[in-house]
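By the count of the numbering used here, the sequence shown reaches residue 324 at its end, each step adding exactly one.
Positions of the beta carbon are idealized from the N, C-alpha and C atoms, including for glycine.
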Amino acid sequence: MFPESSKSLTICRLRAQQKNRLTFVPWATSATPVWPRFFYHEEMTTWWKSTALTLEMIKWEHSIFALPFALTGAVLAAEGWPPLRVLGWIVVCMVAARSAAMAFNRLVDARLDAANPRTAMRALPAGRLSTAFVAGFVVVSAGVFLLSAGMLNRLCLELSPVALVVVLAYSYMKRVTRWSHLVLGLALGIAPSAAWIAVRGSLDWRISVLTGAVLLWVGGFDVLYACQDFEHDRKAGLNSVPQAFGLEGAFWIARVMHVGMLLLLGWLVVLFGMGRTAVAGVALVAILLCYEHSIVSPKDMRRMNAAFFTLNGIISVLLFGFVAADVLLRQ
């Protein structure tokens, strides 16, 4: 029925599947080298899928929230562009730390997420990922973070366990305090201070003003985001600003936090002697924050995702762009 050569090829493919447990691909003949076939092995295919699911679960692309603030701290510390080697390790540190923190948060909150209609379809509560795999992902991400910190300088390495404790501790804060939003803010807010240390090997108190601004910015939008879980948090006995003060009170607290952020950004401009370009950047941030608060309300949270993800991503990138431009123009 088949030519002899076709029979041989078919037999090779079947043996590849049965004996070596390979995923069928047209070019996987017996003459194919072992190393490319390795990536089509059943275990490896499962590993890649699980890794992709984990990255999707932790919204890996949202590293953009904190990364521009870290880069802002680095540019201010270097009074220009830091060396590419330093910038590269700062980026690796940021992405690894956030990945460890987010995966750990999903791991700790898996049971709570399963009981919440908004989060029940996440990969862990839905059973598409195993707790063992996610735990391994956390360990590897934390290891990459510690290694990257060591590649920067000694002080970064010494302080890296402290930073890791801060970013991981947030996952338990809703069980302890209504102000967990500020702990999340601190977890992201230490980024510019850490980047300053990465560049200079020491800490200047002035950069802590940017840390405070990021803390209030993140705390404010996390308060807004938590309003979506108002009923669930009450039933589950979890602490949050909306749960403690109601939706109306939570919105006002978020507004106060964001006003505080703008005041700190203004102080930052003065402390570093920045010019009109940086001032324009802060003004744009103020406009975007006003718009963010105008599209959501206690009675209408349909556009919360647009306020939370899109606008906040734009805010962080814009601020970095204008501050970096101001610093470079003054060189």
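Going by the CB atoms, is the gap between alanine 113 and aspartate 106 shorter than 8 Å? Yes, they are a contact pair.
Serine 290 - partner residues in DSSP beta bridges: Per DSSP, Asp293.
As a quick exercise: from Leu282, Trp210, Phe223, pick the residue whose alpha carbon is nearest that of glutamate 241. Of Leu282, Trp210, Phe223, the residue nearest in Cα terms is Phe223.
Output needed for leucine 231: all residues of its chain with C-beta closer than 6 Å, excluding positions within five of it in sequence on either side, in chain order. Excluding positions up to five away in sequence, the list reads Lys167.
In whole angstroms, give me the CA-to-CA distance for glutamine 221 and methionine 294. About 7 Å.
Using only the alpha-carbon positions, how far apart do leucine 64 and alanine 279 sit? Each residue's alpha carbon lies about 20 Å from the other.
Looking only at its own chain, which residues have a Cβ that is under 7 Å from the Cβ of glycine 253, when we skip the five neighbours before and after it? Within the same chain, Leu209 come within 7 Å of glycine 253 by CB-CB distance, once the 5 residues on both sides are set aside.
Nearest CA to the CA of alanine 206: which residue from Ala108, Leu48, Leu261, Val272? Ranking Ala108, Leu48, Leu261, Val272 by Cα distance to alanine 206 puts Leu261 first.
Please list the terminal residues of the continuous alpha helix (DSSP H) segment that includes glutamate 224. First-last of the alpha helix (DSSP H) with glutamate 224: 223 to 229.
Under 8 Å: do the region 67 to 77 and the region 192 to 206 share three or more Cβ pairs, one atom per stretch? With a cut-off of 8 Å, the region 192 to 206 and the region 67 to 77 count as touching, because enough Cβ pairs lie within range.
Under 8 Å, do histidine 251 and glycine 213 count as touching if we go by C-beta distance? For histidine 251 and glycine 213, yes; Cβs fall inside 8 Å.
Along the alpha helix (DSSP H) that carries aspartate 102, what are the first and last residues, could you check? No alpha helix (DSSP H) holds aspartate 102; DSSP gives it neither H nor E.
What does the Cβ neighbour count give for asparagine 298, buried or exposed, with the cut at 16 atoms within 10 Å? In summary, asparagine 298 is exposed, with fewer than 16 beta-carbon neighbours lying within 10 Å of its beta-carbon over all protein chains present.
Determine the closest residue to leucine 282 out of Pro75, Val249, Ala45, Gly268, with distance taken between C-alpha atoms. Of the listed residues, the one whose Cα sits closest to leucine 282 is Val249.
Tell me which residue opens and which closes the alpha helix (DSSP H) that glycine 314 is part of. Unbroken alpha helix (DSSP H) run through glycine 314: 305 to 322.
With a 10 Å radius around its C-beta and 16 neighbouring C-beta atoms as the bar for buried, classify glycine 136 as buried or exposed. Result: exposed.
Just mark threonine 47 as buried or exposed, buried being the case when its beta carbon has 16 or more other beta carbons within 10 Å. Under this definition threonine 47 is a buried residue.
Spatial distance of cysteine 149 from lysine 292 (CA atoms): Each residue's CA atom was taken as its position, placing cysteine 149 and lysine 292 some 45 Å apart.
With DSSP collapsed to three states, give me the class of threonine 170. DSSP places threonine 170 in coil when its eight states are reduced to three.
On the CB-based measure, 16 or more other CB atoms within 10 Å of its CB, does valine 158 come out buried or exposed? Flag for valine 158 reads exposed.
At least three beta-carbon pairs within less than 8 Å, the region 77 to 95 to the region 126 to 136: A contact is defined here as three or more CB-CB pairs under 8 Å, and the region 77 to 95 meets this definition with respect to the region 126 to 136.
So, using beta-carbon positions, are alanine 128 and leucine 100 closer together than 8 Å? Note that the C-beta distance between alanine 128 and leucine 100 is below 8 Å.
Relative to the C-alpha of histidine 174, which candidate in Leu312, Arg121, Ala119, Gln236 has its C-alpha closest? The candidate whose alpha carbon is nearest that of histidine 174 is Gln236.
So what does DSSP say about phenylalanine 138, is it helix, strand or coil? In the three-state reduction of the DSSP assignment, phenylalanine 138 falls in the helix class, which pools H, G and I.
Taking a contact to mean a Cβ-Cβ separation below 8 Å, would you say valine 216 touches alanine 184 in this structure? For valine 216 and alanine 184, no; Cβs fall outside 8 Å.
Which runs of the beta strand (DSSP E), 3 residues or longer, sit entirely within the region 264 to 289? Correct list: empty.
Between which residues of its own chain and valine 202 is the CB-CB distance below 8 Å, once the five residues before and five after are set aside? The answer, listed in chain order, is Leu257, Trp260, Leu261, Leu264.
Beta-carbon separation (whole angstroms), valine 211 vs glycine 239, contact threshold 8 Å: Actually they are not in contact, since the Cβ atoms of valine 211 and glycine 239 sit about 22 Å apart, beyond 8 Å.
At which residues does the alpha helix (DSSP H) containing tryptophan 210 begin and terminate? If you look at tryptophan 210, you'll find it in the alpha helix (DSSP H) that goes 200 to 219.
Would DSSP call glycine 73 helix, strand or coil? Of the three classes helix, strand and coil, the one that applies to glycine 73 here is coil, per DSSP.
Is alanine 67 near valine 160, with beta carbons less than 8 Å apart? Between alanine 67 and valine 160, the gap from beta carbon to beta carbon reaches 8 Å or more.
Please report the straight-line C-alpha distance between isoleucine 83 and leucine 177, rounded to a whole angstrom. Approximately 20 Å, taken between the alpha carbons.
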